[in-house]
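Written below as structure tokens is the structure these notes are about.
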Amino acid sequence: MGKRIILAVDFDAFYCAVEEKRDPTLVGAPFIVYQKDCIATLSYPARELGLHKLGSVAAAVRAHPHVRLVNGESLAPYREQGKRLWTFVRAALPGCTIERLGLEEMWIDVTALVESNLAALIEADVLFKGLSEEVTDGLDQGVRLSLATAAAAPEATTGPGEFGYSDGEESSAAAPLETSFLCEDFFFQTPAHVFPTSHGATMPAFLQTESPNPEEFYLDFKLYIASHIARELMLRISLGLGYSCSMGVATNKTLAKMVGSLHKPGGLTVLISSAAREFMGVCHVHKVPYFGAKSRHTLQDAMGHDSARDGDLRVESVWQRYDRPQFSELYPPGQGDKLWALLQGEDDTPVRETGRVQKQVSIEDTYKELTSIPLAEQALQPLLESLLRQLRVDMIGDDGAWLGFPTVLRLAVRVSTGPSTVSNRVSHSHTLTSFAPFYTLPELETSRDLAALAERMRHSLVVPMLHKLCVGQGFRLTGTGPIYFQLLNVAATGVVARKPVITSAAVKPAPTGPIRSAKPARQRKMLDFYFTRK
DNA sequence: TCGGTGGAG
DNA sequence: TATTCTCCACCGA
Numbered sequence: 018m019g020k021r022i023i024l025a026v027d028f029d030a031f032y033c034a035v036e037e038k039r040d041p042t043l044v045g046a047p048f049i050v051y052q053k054d055c056i057a058t059l060s061y062p063a064r065e066l067g068l069h070k071l072g073s074v075a076a077a078v079r080a081h082p083h084v085r086l087v088n089g090e091s092l093a094p095y096r097e098q099g100k101r102l103w104t105f106v107r108a109a110l111p112g113c114t115i116e117r118l119g120l121e122e123m124w125i126d127v128t129a130l131v132e133s134n135l136a137a138l139i140e141a142d143v144l145f146k147g148l149s150e151e152v153t154d155g156l157d158q159g160v161r162l163s164l165a166t167a168a169a170a171p172e173a174t175t176g177p178g179e180f181g182y183s184d185g186e187e188s189s190a191a192a193p194l195e196t197s198f199l200c201e202d203f204f205f206q207t208p209a210h211v212f213p214t215s216h217g218a219t220m221p222a223f224l225q226t227e228s229p230n231p232e233e234f235y236l237d238f239k240l241y242i243a244s245h246i247a248r249e250l251m252l253r254i255s256l257g258l259g260y261s262c263s264m265g266v267a268t269n270k271t272l273a274k275m276v277g278s279l280h281k282p283g284g285l286t287v288l289i290s291s292a293a294r295e296f297m298g299v300c301h302v303h304k305v306p307y308f309g310a311k312s313r314h315t316l317q318d319a320m321g322h323d324s325a326r327d328g329d330l331r332v333e334s335v336w337q338r339y340d341r342p343q344f345s346e347l348y349p350p351g352q353g354d355k356l357w358a359l360l361q362g363e364d365d366t367p368v369r370e371t372g373r374v375q376k377q378v379s380i381e382d383t384y385k386e387l388t389s390i391p392l393a394e395q396a397l398q399p400l401l402e403s404l405l406r407q408l409r410v411d412m413i414g415d416d417g418a419w420l421g422f423p424t425v426l427r428l429a430v431r432v433s434t435g436p437s438t439v440s441n442r443v444s445h446s447h448t449l450t451s452f453a454p455f456y457t458l459p460e461l462e463t464s465r466d467l468a469a470l471a472e473r474m475r476h477s478l479v480v481p482m483l484h485k486l487c488v489g490q491g492f493r494l495t496g497t498g499p500i501y502f503q504l505l506n507v508a509a510t511g512v513v514a515r516k517p518v519i520t521s522a523a524v525k526p527a528p529t530g531p532i533r534s535a536k537p538a539r540q541r542k543m544l545d546f547y548f549t550r551k
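Numbering-wise (our numbering), the first sequence opens with residue 18 and increments by one.
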């Protein structure tokens, strides 16, 4: 089995880039996109002041009174722009599998695309002769690389110069993108940073050396082809959409993502295949994806690191201290081996095509003075309205048809007896199919009275769920003891492909007291009943 | 299946 | 530490 070629794309300071489009006077200015007192992200000029993500907004303003502030509590504009970028990239690389990570990152499996280009280069005899006279004849002055695999879009190629970059709204949807590009510097210039840098002067080392290992030669050549494709994609994104991104090219998702972060913003970095271990060794443990706070803490405890030296823990030192069995013992069964593999730069997880529809939509807010159950009941109203609005955006396509159907409503809260007492989230779920108006009334599809629909949901579904949660946490519904709701979250989950059938049996009178949760078997029967068969 | 945890941006 | 507002995978009950 040949190794895969994976491209990781990460849009630079994405929330900031979106805000700069909304307000061009922000371009070049130090500014913060905040949520409550939290710095969600910040422009590169703001980073140069020494400010950081997740820092306190108040402290930042104290230290730098001239830093500008942009409220980023509503994620709607970022979701919308993120979707636009994704659509554009999908159109630019027809036939490639693309997985989204958050709003602003993607992995693209370009293996097949690169291999079909490699085959074409070999066939044209370009690979070993370079651009000799006989080869350049009929090739213009360079090499033409395809952005679509031969299987994906054989008929789509058009002549050079027909690709129309547009900065308009509909750029991605409108004209089909040119699926090939002339790559004039193919043999002469490294289009990317290379790790390790000793390989990267002006030409990849594999072109300069006798290759002792043909497999490695071809693998590195494929990475090199991928880097040209990546460069072209970056250019198209920049010209077509006006966004800057950084990219990484490697043989798996983790490595691609990690090298991609080496030269931000705007950088493109290729990891030479034989250097994966060397690369991982010099990385800091906290830079390894999926090696999160908890896993790191476990490791630091075991290694006797004090937390002040968090950032100093190199993967190399972990290798020196442990072998695989010793390391794995630090973690629950199964988890240790996965983390160990990650530290070796091994990651066989496939790039999974991200579906058109999310699996859940949730809306939440945090509070300081939400100190009674009736107040919390009121606070649910705007949350539910937001949820319905977002569902309309995410679950209903441009043609007005539903793309997916949520079947479960979840309410999550953080509630405690004091304003700053730490407490975990607790949640409760209830089937949405018992709330007939959700699917049967036209409000959600068309527009208007979301507020009324939200109000009905609140009364008949969500308030009883809130009561149940409160009781479960030891609070009394009529009690007078102190109660602090720190967070409320409402989510529509359990998204299925086909519309649940709401029969008259489902239209029950609103429950007046706390909902009694149905027994699992009974719930199962209800779902069977509500869904269309065949 | 539900609810909680941990990880991502 | 968790901080914000999410979305997802995974695990035990």
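Positions of the beta carbon are idealized from the N, C-alpha and C atoms, including for glycine.
- Note that the C-beta distance between valine 87 and isoleucine 49 is below 8 angstroms.
- Residue pairing by DSSP puts arginine 117 in a beta bridge opposite Met123.
- Approximately 6 angstroms separates the beta-carbon atoms of leucine 504 and valine 430; this is inside 8 angstroms, confirming the contact.
- Non-local beta-carbon contacts of arginine 341 in its own chain, meaning distances under 6 angstroms to residues more than five positions away in sequence, involve Trp357 in chain order.
- Secondary structure within the stretch 270-305: the beta strand (DSSP E) runs of 3 or more consecutive residues, fully enclosed, are 285-288 (chain order).
- Of the candidates Pro399, Glu386 and Ala393, the residue whose Cα lies closest to the Cα of isoleucine 380 is Pro399.
- With a 10 Å radius around the Cβ and a threshold of 16 neighbouring Cβ atoms, glutamine 377 comes out exposed.
- Counting only the Cα atoms, serine 73 lies some 26 angstroms from valine 507.
- The way I'd put it, the stretch 128-137 doesn't touch the stretch 278-294; fewer than three beta-carbon pairs between them come closer than 8 angstroms.
- Just measuring C-alpha positions, the residue of Val305, Pro423, Leu272 and Thr286 sitting nearest alanine 293 is Leu272.
- Residue pairing of phenylalanine 198 in beta bridges, as defined by DSSP: Leu162.
- Assigned with DSSP and collapsed to three states, glycine 265 falls in strand.
- Taking C-beta atoms under 8 angstroms as the contact rule, leucine 483 and glutamate 363 fail to qualify, at a distance of about 46 angstroms.
- Beyond the five residues adjoining it in sequence on each side, serine 403 comes within less than 8 angstroms, by CB distance, of Ile380 in the same chain, given in chain order.
- For tyrosine 501, the three-state secondary structure derived from DSSP is strand.
- Taking a contact as a CB-CB distance under 8 angstroms, the pair methionine 264 and leucine 24 counts as one, their CB atoms being some 6 angstroms apart.
- Only residues of its own chain outside the window of five on either side were considered, and among them Gly421 have a CB closer than 7 angstroms to the CB of alanine 514, listed in chain order.
- If you draw a straight line from the Cα of serine 451 to the Cα of proline 517, it comes to about 10 angstroms.
- Three or more Cβ pairs closer than 8 angstroms define a contact, and the stretch 26-40 meets that threshold against the stretch 120-130.
- Within the DSSP bridge table, the entry for valine 87 names Val50 as partners.
- When the alpha-carbon of aspartate 382 is set against those of Pro391, Leu397 and Val368, the nearest one is in Leu397.
- Secondary structure note for alanine 468: it is in no beta strand (DSSP E), and the uninterrupted alpha helix (DSSP H) holding it is 467-474.
- Nearest in C-alpha terms to arginine 409, of all of Thr58, Arg117 and Ala93, is Ala93.
- In this structure, the CA atom of tyrosine 260 is about 28 angstroms from the CA atom of proline 82.
- The Cβ-Cβ distance between glycine 511 and valine 374 does not fall below 8 angstroms.
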